[in-house]
Amino acid sequence: MGTYIMLSKLTPEGRKTIKERPGRIKEVDQELEAMGLKVIKQYATLGPYDFVNIVEAADNETVGKVSVDLCSRGTIEIMTLAAIPVDKFISSLKTVERVKPKKTTKAKRR
Numbered sequence: 006m007g008t009y010i011m012l013s014k015l016t017p018e019g020r021k022t023i024k025e026r027p028g029r030i031k032e033v034d035q036e037l038e039a040m041g042l043k044v045i046k047q048y049a050t051l052g053p054y055d056f057v058n059i060v061e062a063a064d065n066e067t068v069g070k071v072s073v074d075l076c077s078r079g080t081i082e083i084m085t086l087a088a089i090p091v092d093k094f095i096s097s098l099k100t101v102e103r104v105k106p107k108k109t110t111k112a113k114r115r
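Residue numbers 6 to 115, in the numbering used here, belong to the letters of the sequence shown in order.
1) Can you name the start and end residues of the beta strand (DSSP E) that residue 77 belongs to?
2) May I ask you to verify whether the stretch 12–24 touches the stretch 46–57, counting CB pairs closer than 8 Å and requiring at least 3?
3) According to the neighbour-count rule (16 or more other Cβ atoms, all chains shown, within 10 Å of its Cβ), is residue 95 buried or exposed?
4) For the beta strand (DSSP E) that residue 49 lies in, which residues bound it at each end?
5) Judging by CA-CA distance, which residue of 26, 6 and 38 is the nearest neighbour of residue 75?
6) Is it right to say residue 58 is buried, meaning 16 or more other beta carbons lie within 10 angstroms of its own, or is it exposed?
7) Just to confirm before moving on: does the CB-CB distance between residue 62 and residue 42 stay below 7 Å?
8) DSSP state of residue 108, grouped into three classes?
9) Hey, out of 8, 22, 6 and 32, whose CA is closest to residue 79's CA?
10) Could you tell me if residue 97 is buried or exposed, where buried requires 16 or more neighbouring beta carbons within 10 angstroms of its beta carbon?
11) Compute the beta-carbon to beta-carbon distance between residue 73 and residue 60, rounded to the nearest angstrom, for a pair I have assumed lies under 8 Å.
12) Identify whether residue 52 lies in helix, strand or coil by the three-state DSSP scheme.
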């Protein structure tokens, strides 16, 4: 399972929906679970995004499909980021092969 950060911004229609039905926020969490995501943590935030969700998904395609489905409703805009655990990232840096740049040859002028 991969970890993903979903940054969500409500549209005017979305803001109207949660004002009238605040419980809708938790209903969406249940929908995410039904579509194959596991909601690890959810935060309401101040600033350019209204919500930050930390989720797990089997693969990029699954989380992409969920994002498209949710955004197609017209109530939310989502930016999804794949997250790599820091220890795993550091480990990968230690095993990266250094690739030397190829020397370019200048074409001869005629």
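Using N, Cα and C, we set each Cβ at its ideal position, and we do this for glycine too.
So, from the data block:
1) It is not in any beta strand (DSSP E) - residue 77 carries neither H nor E in the DSSP assignment.
2) Enough Cβ pairs lie closer than 8 Å, so yes.
3) Counting other Cβ atoms within 10 Å of its Cβ, residue 95 stays below 16 and is therefore classed as exposed.
4) Looking at the DSSP string, the run of the beta strand (DSSP E) that includes residue 49 is 43–49.
5) That would be 38, whose Cα lies nearest to the Cα of residue 75.
6) The Cβ neighbour count for residue 58, taken over all protein chains shown within 10 Å, is at least 16; the residue is labelled buried.
7) For residue 62 and residue 42, yes; Cβs fall inside 7 Å.
8) DSSP places residue 108 outside both helix and strand once states are collapsed to three, so it counts as coil.
9) Closest by alpha carbon: 22.
10) Per the 10 Å Cβ criterion, exposed.
11) Contact between residue 73 and residue 60 does not hold, since the beta-carbon distance rounds to 15 Å and is not under 8 Å.
12) DSSP, read as helix, strand or coil, puts residue 52 in coil.
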